[in-house]
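Step one of this worksheet: look at the structure below.
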Amino acid sequence: MIRRELEYFFGAIRFFTRLPVPGWVGHSAEALNHSARYFPAVGLLVGGIGALIYWLALHLWPQPVAVLLSMAATIYATGAFHEDGLSDTVDGLGGGWEKARILDIMKDSRVGSYGVVAMVLALLGKFVLLSSLAPALVPFALLAGHAVSRFCATVLLATMDYVRDDQLSKAKPLANRMSAGAILVALCFAVAPLVVLPWFKAAAGLVLAALSTLWLARKFQRWLGGYTGDCLGATQQFAEIVFYLGLMANLFAQNP
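Letter by letter, the sequence shown follows residues 634 to 889 in my numbering.
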């Protein structure tokens with residue numbers, strides 16, 4: 634039982650990051666489907682890498698430099714997996730006018746102007762928001778932001794239909810609906826890092842992340858009738874950014 638769950642966890646790490654996993658971990662479509670419950674756990678791992686790099690760098694350089702290095706570390710760890718999904722999704726929705734055309738654009742390896750603008754704004758937004766937080770809060774923001782945003786993408790897996798017919802699609806094995814138990818496991822990993830944040834900041838971040846996910850889900854449903862792997866990446870990126878935005882919001886207290 635424990636070995637099987639570890640295999641699912643390491644399977645999620647292998648799929649969503651470039652990090653090495655033990656050689657005994659197998660690979661199958663069924664195992665990859667079960668690994669979706671550990672999507673937020675992978676977020677904790679990636680956020681932890683970013684938090685560690687930030688903490689070490691902060692001893693040597695100003696906060697903006699530490700934030701930049703932590704962002705570079707998380708992007709390296711994931712191979713810009715989710716950023717690529719954001720770029721492809723924005724290109725598709727920006728340049729397409731019907732489902733087939735949108736999906737074709739999203740599958741094209743070339744990056745269009747919409748995608749470039751989206752990537753620049755996303756990276757710049759994360760940098761500005763994290764650099765504006767209190768220095769001591771940034772490591773916890775990274776942990777929570779990466780975990781919560783990946784749970785938001787997991788919600789799409791659990792509630793929407795996968796729309797690509799291509800059996801070779803990388804996200805195809807994840808397309809099966811998740812069980813209630815799997816969703817609960819994912820939720821636990823997403824909620825865990827929130828306990829170290831001020832409740833009013835965590836609440837604001839969660840509200841904005843939920844709203845962005847609902848907005849994107851409606852857009853995906855309207856134009857595609859469901860989601861693709863790129864849509865999951867876009868959802869994660871949007872949710873992470875607006876979560877940090879919520880941490881910055883001065884809604885429940887006078888001190889930022």
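Cβ atoms here follow ideal geometry from the backbone N, Cα and C, with glycine treated the same way.
In this text the structure is predicted, and so the values were computed from the model without any measurement.
- A residue is called buried when at least 16 other Cβ atoms come within 10 angstroms of its Cβ; residue 634 does not meet this threshold and is exposed.
- Ranked by how close their Cα comes to the Cα of residue 847, the residues 769, 787, 797 and 831 have 787 in first place.
- Membership of residue 798 in any alpha helix (DSSP H) is not indicated, and neither H nor E is assigned to it by DSSP.
- Around the Cβ of residue 655, a 10 Å sphere holds fewer than 16 other Cβ atoms; the residue is exposed.
- Taking the C-beta atoms as reference points, residue 879 is found no nearer than 8 Å to residue 820.
- In this structure residue 779 is not in contact with residue 716, their Cβ atoms being roughly 13 Å apart against a cut-off of 8 Å.
- One Cα belongs to residue 650, the other to residue 756, and the distance between them is close to 18 Å.
- In this model, residue 663 and residue 640 are separated by some 12 Å (Cα to Cα).
- Taking 4 residues as the shortest admissible run, the region 703-766 contains the following complete alpha helix (DSSP H) segments, listed from N- to C-terminal end: 714-728, 732-740 and 746-765.
- When C-alpha distances from residue 687 are compared across 790, 775, 837 and 859, the shortest belongs to 775.
- In this structure, residue 854 lies near residue 793, with their beta-carbon atoms less than 8 Å apart.
- Your pair residue 739 and residue 861 checks out as a contact, with CB atoms roughly 6 Å apart and the cut at 8 Å.
- Taking residue 771 as the centre and dropping the five residues before and after it, the same chain places the C-beta of 687 and 763 closer than 6 Å to its C-beta, in chain order.
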